[in-house]
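Trainee: Here our numbering is used: position 33 in the sequence shown is 36, and no number is missing along the way. Sharing a structure with you now.
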Amino acid sequence: MINSICKKGTQAINYFARKKEGKINKMKAIKLIYFADRYHLRKYGRPVIGDIYWAMKFGPVASTVLDIAGLQKNIDEGCLDYAKTYLRHPEGDDKGETMVSKKEVDLQEFSQTDIEAMEVAYKEFGDKDQFELAEITHVYPEWSKYEKDILVDGKKRMKMDYFDFFLNPKKGGSGIFDMSSEDIDDAKEIYEENATVERMLG
């Protein structure tokens, strides 16, 4: 049974690859997914993908999405086979830095608000390269709280908390994440309720 995170992660990479020439830098795709997750969480109370996030040197990284983007053999075989149905690395790309779309995006994996979030993220950030996007992510509190751990103390990664995504940066940041405090509180309450149910279900 292929889980939702695998399917949505694969299709999200495919979605962004299809936005321009059918291919995309791996890190750029990961950052665009993060921005879509951040937007959707703050507006609707859940992330698009639902993956585990880690703060790393080049910003937030969704764990399973990273493995999918690298077509890593350490992920579940069913998930790897599913990902390879839609994505591949181009010939000569030994490091797997580019993702190429092999077939149309299965939009049935997404809700209308998921698609909205991905569209908003691409419209806002799609013209920037992966290094610009990594720099932008460092503004947001869910990553910046670990800046010293990663950039000074040399920690490879620190597990991020979705509750921190509801915080606003002290300065800077994109206007797409600007929500009223009331809307943020409502979305946070929805997320908290869902998180509680998930914990109860194990």
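Note that CB positions come from ideal geometry on N, CA and C, so glycine has one too.
Measure from the alpha carbon of L83 to the alpha carbon of each residue in S183, M203, G157, K10, then state which is nearest.
Mentor: The shortest Cα separation from L83 among S183, M203, G157, K10 belongs to K10.
Trainee: Kindly indicate which three-state DSSP category R160 falls into: helix, strand or coil?
Mentor: R160 falls in the coil class under three-state DSSP.
Trainee: Report yes or no: do three or more beta-carbon pairs, one from the segment 129-136 and one from the segment 162-171, lie closer than 8 Å?
Mentor: These segments do not touch.
Trainee: For a test of the three-state rule: what should DSSP assign to I27, helix, strand or coil?
Mentor: Note: I27 maps to strand in three-state DSSP.
Trainee: Under a Cβ-count criterion, where at least 16 other Cβ atoms within 10 Å of its own Cβ denotes burial, should S104 be classed as buried or exposed?
Mentor: Flag for S104 reads buried.
Trainee: Since Y56 is in the alpha helix (DSSP H), which residue starts that stretch and which ends it?
Mentor: That residue, Y56, is in no alpha helix (DSSP H); its beta strand (DSSP E) goes 56-59.
Trainee: Cα separation between G73 and K159?
Mentor: Computed Cα separation, rounded: 18 Å.
Trainee: Given that a residue counts as buried once 16 or more other Cβ atoms are within 10 Å of its Cβ, and exposed if not, what is D3?
Mentor: Absent from the model: residue 3. The displayed extent of the chain is 4 to 205, so no value can be given.
Trainee: For the putative contact between I71 and A58, defined by C-beta atoms under 8 Å, what is the C-beta separation to the nearest angstrom?
Mentor: That belief does not hold up - the Cβ atoms of I71 and A58 are roughly 19 Å apart, past 8 Å.
Trainee: Just reading off the beta strand (DSSP E) that A104 is part of, what are its end residues?
Mentor: It is Ser, not Ala, that sits at residue 104 in the sequence shown. Here the beta strand (DSSP E) through S104 covers 101-104.
Trainee: Please state the DSSP three-state secondary structure of G62.
Mentor: Residue state, collapsed to three classes: strand.
Trainee: How is the alpha helix (DSSP H) around L170 delimited, first residue to last?
Mentor: Element bounds for L170: n/a, residue is neither H nor E.
Trainee: Which same chain residues, not among the five before or five after H141, have their C-beta less than 8 Å away from its C-beta?
Mentor: Cβ within range, chain order: G62, S147, E150.
Trainee: Within 10 Å of its beta-carbon, does P93 have 16 or more other beta-carbons around it, so buried, or fewer, so exposed?
Mentor: Classification for P93: exposed.
Trainee: Would you list the residues sitting across from R91 in a DSSP beta bridge?
Mentor: Answer is V103, bridged to R91.
Trainee: Please classify K117 as buried or exposed, where buried requires at least 16 neighbouring CB atoms within 10 angstroms.
Mentor: Strictly speaking, residue 117 in this sequence is Asp, with Lys absent from that position. Buried, by the Cβ-count rule.
Trainee: What's the C-alpha gap between S114 and E107?
Mentor: Going by the C-alpha atoms only, they are around 17 Å apart.
Trainee: Check the C-beta distance from M182 over to K46 and give it rounded, since I have them as a contact under 8 Å.
Mentor: Confirmed, Cβ separation roughly 6 Å.
Trainee: Can you tell me whether H43 is helix, strand or coil according to DSSP?
Mentor: Reduced to three states, the DSSP call for H43 is helix.
Trainee: Could you name the residues of the same chain whose beta carbon sits closer than 6 Å to that of G48, not counting the 5 residues immediately before and after it, in chain order?
Mentor: The answer, listed in chain order, is A190, I193, Y194.
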